[in-house]
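Chemist: Once you've had a glance at the structure underneath, I'll fire off some questions.
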Amino acid sequence: MASAEINIQMDSFKLSLQADSLKADANVSNNIHIDPEKENVIIRKFDYFVMPQFVIIIILSYLDRTNIGNARIFGLEEDIGLEGNQFANISSLFYVTYVVFELPWVLAVKRYGANLILAIAIVMWSAVVIGTGFIHNYTQAVVVPLLLGFAEAGVFPAITFLLSTIYPRESQGKRVAVLYGATALAGAFGGLIAYGIQTMGDRLGLAAWRWLFIIEGAISVAIGLLCWVSLPRSSQDAWFLSQDQKQLMQERRLRDVAYTGSDEFSWSYVWMAFTDVMVWVAALSLFCAGIPLFGFGLFLPTIIRGLGFESIKVNYLTIPVYVVGCIILGTATFVSDRLRKRAMIAWMPPVLVIIGYAVVLGTPAAGPGYFAMFMCSGVYTYNAILVAWVSNNIKPDHKRSAALPFFLSIANVSGVVASQVYPNFTAPRQEDTSPFRRGTWTK
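Here it is, written out as structure tokens:
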């Protein structure tokens, strides 16, 4: 106990020294002027070379975690003998390891570089997805989401943290919105791919749903290996920047030292993140918003099938819903960045979601119910704006690298809840859970 107290005191002393150093550096940074045009050229390079890769990674991550919902539509449950609430249990287990390992992955990215750590994570989860195509019973199906949650845990918070080290605060909201838009696009692509594989039918003695996992996992392996080479280690030493541009990035870091902090790590920064009231309040808010978000992403095919549509049509009927979700998200985040008013914009799309779930609950007709899904597609917007807000308002970098995954870990517990509020006994319309989902938006 005494040793622990000494370590905490030493960390606090180091942090105090670092704070004094930051004050001195901040005085120096006041004399640094960076040509806005040159800085914009660098930002555009990151937009061209890095953002598309981040979008692809997020799409693959979301595809590979939610494809079980598409596979369910064409026979997974029957083939491996799932009964009762076992499918919901499997869906919940993903978030157990996902929540636990978010922080370690992000700290690893900060220490060892984005290209290496993200490549390792992608290849690991791809191997798990391919293995899912060969499961035969409930026991094996339980192990798969635990491994997948571990491998995917750091991807979204790590990329969110990296964006905060690359882009100015006033333009981060649009980029975070692009990440959430990528999850919606993943739903659209997932529906399209699932429909194509479903029409392909059984091949080489394997059911179509097994090919869904095998094909998507193989694509992810290839992308993971490419990311090792194509992603930069950090924003200061990106391979596509000239030497002068790298120097400018270093100067920009010195200019922003009061916001980014020093490069020396201290566990005191982690403690600062864990004890920040703002982080806890934001996490609670995102937890409530995450229940309808995760449930929407995982169970949308099941809900649409429950409205009375044929199974063969369900997967492609999800595509326009996700596209509309992207449009709502893009519009709201663009306006919030332009006006620099995140809170004012954030509360508007949830109103659509509440109305949408109310319509699903109140009518048995397929047409109005399907239209209501378009209203519910606004579910992504609040989360994107809130994540950008937290990323903007936490400093320095080391505290932010701990706070973001910690904040997202607490919020992602909602994934466990979402999986359990869609039990089999409410199928096909999931109507018993709609009041609960609407209630989480009103908290």
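Each residue of the sequence shown is one higher than the one before, counting from 1 in full-length UniProt numbering. Don't be surprised by glycine CBs; every beta carbon is placed ideally from N, CA and C.
(1) Since A273 and A403 are thought to touch, with beta carbons under 8 angstroms apart, how far apart are those beta carbons, to the nearest angstrom?
(2) Can the beta-carbon of V129 be found less than 8 angstroms from the beta-carbon of F189?
(3) Rounded to the nearest angstrom, what separates A158 and D79 at their Cα positions?
(4) I need the straight-line Cα distance from residue 447 to G330, nearest angstrom please.
(5) Work out the CA separation of P36 and Y95 for me, nearest whole Å.
(6) Quick one: what does DSSP say R233 is sitting in, helix, strand or coil?
(7) Give the secondary structure of I122 by DSSP, where H, G and I count as helix, E and B as strand, and everything else as coil.
(8) Does the Cβ of Q53 have 16 or more other Cβ atoms within 10 Å, making it buried, or fewer, making it exposed?
(9) In this structure, how does DSSP classify L241 when only helix, strand and coil are distinguished?
(10) Pick out whichever of L307, Y382, M348 has its Cα sitting closest to the Cα of P364.
(11) Which partner residues does R210 have in the DSSP bridge list?
(12) Classify D337: buried if its beta carbon has 16 or more other beta carbons within 10 angstroms, exposed otherwise.
(13) Determine the DSSP secondary structure at A418, reduced to helix, strand or coil.
(14) Inspect the beta-carbon positions of F299 and G69 and report whether they are closer than 8 angstroms.
(15) Kindly give me the distance between the Cβ atoms of G297 and S377, rounded to whole angstroms, as I take these residues to be in contact under 8 angstroms.
(16) Less than 8 angstroms between the C-beta atoms of R400 and S409, yes or no?
(17) Could you spell out where the alpha helix (DSSP H) holding V155 opens and where it closes?
(18) Hey, E216 and G154: beta-carbon distance below 8 angstroms or not?
(19) Does the distance from the CB of Y195 to the CB of Y316 come in under 8 angstroms?
(20) Candidates G131, L162, F156: which alpha carbon is nearest L147's?
(21) Kindly indicate which three-state DSSP category R203 falls into: helix, strand or coil?
(22) Leaving out five residues on either side along the sequence, give the residues of the same chain with a beta carbon under 7 angstroms from the beta carbon of F334.
(23) Taking C-alpha atoms, which residue in G113, R253, S235 lies nearest to K45?
(24) Determine the DSSP secondary structure at I34, reduced to helix, strand or coil.
(25) Since K313 is in the alpha helix (DSSP H), which residue starts that stretch and which ends it?
(26) Would you tell me roughly how many angstroms separate the C-alpha atoms of R233 and Y112, rounded to the nearest one?
(27) According to DSSP, is M373 part of a helix, a strand, or is it coil?
(28) Am I right that F240 and F49 are in contact with their C-beta atoms under 8 angstroms? What's the rounded C-beta distance?
(29) Would you kindly work out how many angstroms separate the C-alpha atoms of Y98 and V416, rounded to a whole number?
Modeler: The short version:
(1) If you number the sequence shown from 1, residue 273 lands on position 273. If you number the sequence shown from 1, residue 403 lands on position 403. The pair is a contact, with the Cβ atoms about 4 angstroms apart (cut-off 8 angstroms).
(2) By one-based count along the sequence shown, residue 129 stands at place 129. By one-based count along the sequence shown, residue 189 stands at place 189. Not a contact, by the Cβ cut-off of 8 angstroms.
(3) Translated into the one-based positions of the sequence shown, residue 158 becomes position 158. Translated into the one-based positions of the sequence shown, residue 79 becomes position 79. Their Cα atoms are separated by approximately 36 angstroms.
(4) Any property of residue 447 remains undetermined from this structure, which presents the chain solely from 1 to 443.
(5) Position 95 of the sequence shown holds residue 95. Position 36 of the sequence shown holds residue 36. Near 42 angstroms, if we compare the C-alpha coordinates of P36 and Y95.
(6) Here residue 233 refers to the residue found at position 233 when the sequence shown is read from its first residue. Three-state DSSP puts R233 in coil, outside helix and strand.
(7) As a working mapping, residue 122 is identified with position 122 in the sequence shown. Helix.
(8) Translated into the one-based positions of the sequence shown, residue 53 becomes position 53. Under this definition Q53 is a buried residue.
(9) Here the question's residue 241 lines up with position 241 in the sequence shown. Coil at L241, not helix or strand.
(10) Within the sequence shown, numbered from 1, the residue matching residue 364 stands at position 364. Closest option to P364, Cα to Cα, is L307.
(11) Translated into positions along the sequence shown, residue 210 becomes position 210. Per DSSP, none; premise fails for R210.
(12) Taking the sequence shown and counting its residues from 1, one reaches residue 337 at position 337. Buried is the call here.
(13) The residue labelled residue 418 in the question sits at position 418 within the sequence shown. Three-state result, A418: helix.
(14) Translated into the one-based positions of the sequence shown, residue 299 becomes position 299. Translated into the one-based positions of the sequence shown, residue 69 becomes position 69. Against a cut-off of 8 angstroms, the Cβ pair of G69 and F299 comes out as a contact.
(15) Translated into positions along the sequence shown, residue 297 becomes position 297. Translated into positions along the sequence shown, residue 377 becomes position 377. Incorrect: roughly 10 angstroms between the Cβ atoms, too far for contact.
(16) Locating residue 400 in the sequence shown gives position 400, where the first residue counts as 1. Locating residue 409 in the sequence shown gives position 409, where the first residue counts as 1. Contact: no.
(17) Indexing the sequence shown from 1 puts residue 155 at position 155. Counted as a single uninterrupted DSSP element, the alpha helix (DSSP H) harbouring V155 occupies residues 155 to 166.
(18) Locating residue 216 in the sequence shown gives position 216, where the first residue counts as 1. Locating residue 154 in the sequence shown gives position 154, where the first residue counts as 1. It is not a contact, given that the beta carbons lie outside the stated cut-off.
(19) In the sequence shown, residue 195 corresponds to position 195, counting from 1. In the sequence shown, residue 316 corresponds to position 316, counting from 1. Taking 8 angstroms as the Cβ cut-off, Y195 and Y316 qualify as a contacting pair.
(20) If you number the sequence shown from 1, residue 147 lands on position 147. Cα-wise, what sits closest to L147 is G131.
(21) Position 203 of the sequence shown, counted from the start, is the residue given in the question as residue 203. Strand at R203.
(22) Here the question's residue 334 lines up with position 334 in the sequence shown. K174.
(23) Position 45 of the sequence shown holds residue 45. Residue S235 is the option with its Cα nearest to K45.
(24) Locating residue 34 in the sequence shown gives position 34, where the first residue counts as 1. I34 falls in the coil class under three-state DSSP.
(25) Within the sequence shown, numbered from 1, the residue matching residue 313 stands at position 313. Counting along the chain, the alpha helix (DSSP H) containing K313 begins and ends at 311 to 339.
(26) As a working note, residue 233 is residue 233 in the sequence shown. As a working note, residue 112 is residue 112 in the sequence shown. The straight-line gap separating the alpha-carbon atoms of R233 and Y112 is approximately 8 angstroms.
(27) Taking the first residue of the sequence shown as 1, we reach residue 373 at position 373. In the structure shown, M373 sits in a helix (DSSP, three-state: H, G or I).
(28) The residue you call residue 240 lines up with position 240 of the sequence shown. The residue you call residue 49 lines up with position 49 of the sequence shown. Rounded, the Cβ-Cβ distance is 5 angstroms, consistent with contact.
(29) To locate residue 98, count along the sequence shown from 1; it is residue 98. To locate residue 416, count along the sequence shown from 1; it is residue 416. Roughly 10 angstroms separates the two Cα atoms.
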